[in-house]
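Numbering (mature numbering (1 follows the signal peptide of the UniProt record, and there is no 0)), first residue to last: -22 to -1, 1 to 96. Since the structure comes first, as structure tokens, the remarks are kept for the end.
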């Protein structure tokens, strides 16, 4: 019966990324978190915004300019971060689409051209 008592611990270690107890989880760098936020927004736009889509090349160049490999956004902690941002944007689809266009659309105030008309 000893095996049964170890299962919860194994689950905790798996969810913690295999880190030992007492270790502080490493937080992704600030630019990586910003890239994950943009990736979540891109996923949201492609799924929910009828008039916008992501310009893939522009998106990749912006992420690379942040010092992040776009492939890193498709795995591990950054993927989870991107998905959590996507869920937040889904809470108010209309407002999120409007903000995405205002900030990252053709004439965006933050980075223009990440999102283009469909």
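Virtual Cβ for every residue (Gly too), placed ideally from N, Cα, C. All values derive from a computational prediction rather than experimental measurement.
- Bounds of the beta strand (DSSP E) holding residue 32 are 30 to 32.
- Boundaries for residue 46: no alpha helix (DSSP H) harbours it, and the DSSP string shows neither H nor E there.
- When 94, 8, 75 and 20 are compared, the shortest CA-CA separation from residue 61 is found for 20.
- Taking residue 89 as reference, the option from 7, 16 and 6 with the minimal CA-CA separation is 16.
- The distance from the Cβ of residue 67 to that of residue 14 is about 13 Å, inconsistent with a contact at the 8 Å cut-off.
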